[in-house]
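Chains as they are written, first to last, in our numbering: chain A, 23 to 145; chain B, 253 to 392.
Report on the structure given below.
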Amino acid sequence: MPVPILKQGRYLIASVQSALTDEDLLQLRETLTTMVGQHRSRGVMVDVTVLDVVDSFAARTLRNLAYMCRLRGAETVIAGIQPEVAFAMVQLGLNLEGTRTTLDLEAGLAYLRVRTRRNARHG
Amino acid sequence: MAEEIKAPIGSDVDTVTARQRGRALARELGFSSGDAVRIATAISEVARNMLAYAKHGEIVLRTLCEGNRTGLLIIARDEGPGIPDVELAMQDGYSTSRGLGLGLPGAKRLMDEFEIVSRVGAGTTVTMKKWGARGGHGNR
């Protein structure tokens with residue numbers, strides 16, 4: 023099931039609506055990386071509020087997604103990891119180091135605004 | 253309340269189904285939402301391993317009642333190639349498929365009891381248990 027992606031100015035906002043299969047995650051990664059180019063996006067937000075499980079594959083794919091978008095000039099934020107999911111991730115030994123995570127969509131957009139302004143200033 | 257649920261694993265969609273059923277059963281048994289997520293995550297990890305190496309297998313979920321404690325038993329079994337060195341596979345970071353190598357040792361950390369039996373050419377069975385359910389809706 024494809025994840026709906028909205029374009030909001032220079033940002034892309036992907037809102038996960040349901041549980042994602044490994045294939046869905048890979049598709050999301052490809053789609054966002056491509057759209058960054060199509061829309062010259064400076065920021066990407068992936069809202070995972072609804073995601074019930076972030077396992078090793080999901081963590082790795084999200085981290086790769088963020089890095090691939092960064093390679094194309096867009097800052098990525100993963101927003102909305104739920105407390106139980108965060109706990110399981112830590113227990114599992116996962117880390118999203120290098121990937122910005124925020125509490126929710128609102129905090130994520132605020133972060134992107136600051137970040138993309140700073141990036142624009144420093145070329 | 254279901255006594256036993258069998259979930260075939262043949263695709264990544266099956267993995268999602270299995271972990272959702274695991275999570276639902278865990279909630280039904282009275283596990284906390286945190287434990288339910290841990291259970292679902294452990295199922296996801298072992299199911300993925302199964303899919304990657306054995307291509308297909310099955311996950312069995314069974315309610316456990318021992319004295320006054322309630323728990324959930326998860327058996328992930330396949331007739332795949334088997335794991336040549338189980339001890340190696342249980343080390344963090346060891347992966348033969350460019351993965352993170354956290355699947356099996358990670359699942360072990362998420363659960364209370366964990367056992368893996370594997371024979372090259374015969375298949376693999378992972379048995380995991382989680383205790384601490386507060387009892388299902390029928391147990392008052």
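All C-beta atoms in this analysis are idealised placements derived from N, C-alpha and C, irrespective of residue type, glycine included.
Run the CB neighbour count on residue i, radius 10 Å, all protein chains shown included, and call it buried at 16 or more, exposed below.
{"i": "residue 80(A)", "result": "buried"}
{"i": "residue 134(A)", "result": "buried"}
{"i": "residue 78(A)", "result": "buried"}
{"i": "residue 34(A)", "result": "buried"}
{"i": "residue 139(A)", "result": "exposed"}
{"i": "residue 321(B)", "result": "exposed"}
{"i": "residue 31(A)", "result": "exposed"}
{"i": "residue 56(A)", "result": "exposed"}
{"i": "residue 389(B)", "result": "Annotation note: pLDDT 48 at residue 389(B) (below 50); position unreliable, no value reported."}
{"i": "residue 124(A)", "result": "buried"}
{"i": "residue 323(B)", "result": "buried"}
{"i": "residue 41(A)", "result": "buried"}
{"i": "residue 259(B)", "result": "buried"}
Give me the residue from the options with the minimum Cα distance to residue i.
{"i": "residue 300(B)", "options": "359(B), 383(B), 386(B), 382(B)", "result": "359(B)"}
{"i": "residue 74(A)", "options": "270(B), 315(B), 373(B)", "result": "270(B)"}
{"i": "residue 285(B)", "options": "137(A), 68(A), 109(A)", "result": "109(A)"}
{"i": "residue 68(A)", "options": "60(A), 84(A), 41(A), 56(A)", "result": "84(A)"}
{"i": "residue 120(A)", "options": "105(A), 99(A), 71(A), 103(A)", "result": "99(A)"}
{"i": "residue 102(A)", "options": "71(A), 38(A), 45(A)", "result": "71(A)"}
{"i": "residue 375(B)", "options": "355(B), 291(B), 303(B)", "result": "303(B)"}
{"i": "residue 329(B)", "options": "385(B), 279(B), 298(B)", "result": "298(B)"}
{"i": "residue 331(B)", "options": "317(B), 343(B), 310(B)", "result": "310(B)"}
{"i": "residue 306(B)", "options": "380(B), 384(B), 370(B)", "result": "370(B)"}
Spell out the partners DSSP gives residue i in its beta bridges.
{"i": "residue 33(A)", "result": "30(A), 65(A)"}
{"i": "residue 315(B)", "result": "324(B)"}
{"i": "residue 339(B)", "result": "Partner(s): none; residue 339(B) has no beta bridge."}
{"i": "residue 258(B)", "result": "312(B)"}
{"i": "residue 329(B)", "result": "310(B), 377(B)"}
{"i": "residue 385(B)", "result": "322(B)"}
Return the first residue and the last residue of the alpha helix (DSSP H) that residue i is part of.
{"i": "residue 78(A)", "result": "78 to 93"}
{"i": "residue 128(A)", "result": "127 to 143"}
{"i": "residue 369(B)", "result": "Run containing residue 369(B): none in the alpha helix (DSSP H); it sits in the beta strand (DSSP E), 365 to 371."}
{"i": "residue 359(B)", "result": "355 to 362"}
{"i": "residue 115(A)", "result": "Element bounds for residue 115(A): n/a, residue is neither H nor E."}
Along the beta strand (DSSP E) that carries residue i, what are the first and last residues, could you check?
{"i": "residue 285(B)", "result": "Per DSSP, residue 285(B) belongs to no beta strand (DSSP E); it is in the alpha helix (DSSP H), 285 to 306."}
{"i": "residue 122(A)", "result": "122 to 124"}
{"i": "residue 101(A)", "result": "97 to 101"}
Which residues, taken in chain order from the segment 279 to 293 of chain B, show a beta carbon closer than 7 Å to some beta carbon of chain A? Contact annotation: in the segment 279 to 293 of chain B, residues whose CB is within less than 7 Å of a CB in chain A are 285, 286, 289, 290, 292, 293.
Note down, in chain order, all residues in the segment 110 to 132 of chain A with a beta-carbon under 9 Å from any beta-carbon belonging to chain B. Within the segment 110 to 132 of chain A, 110, 111, 113, 114, 115, 116 place their CB atoms closer than 9 Å to a CB of chain B, listed in sequence order.
Using a Cβ-Cβ cut-off of less than 7 Å, list which residues of the segment 60 to 81 of chain A approach chain B; keep chain order. If you check each beta-carbon in the segment 60 to 81 of chain A against every beta-carbon of chain B, the ones closer than 7 Å belong to 74, 75, 77, 78, 79.
The segment 82 to 110 of chain A: positions lying closer than 9 Å to chain B by Cβ: Per Cβ criterion, the list reads 82, 104, 105, 106, 107, 109, 110.
For the segment 36 to 48 of chain A, which residues have a CB atom closer than 7 Å to at least one CB atom of chain B, in sequence order? If the cut-off is 7 Å between Cβ atoms, the segment 36 to 48 of chain A has 41, 43, 44, 45 near chain B.
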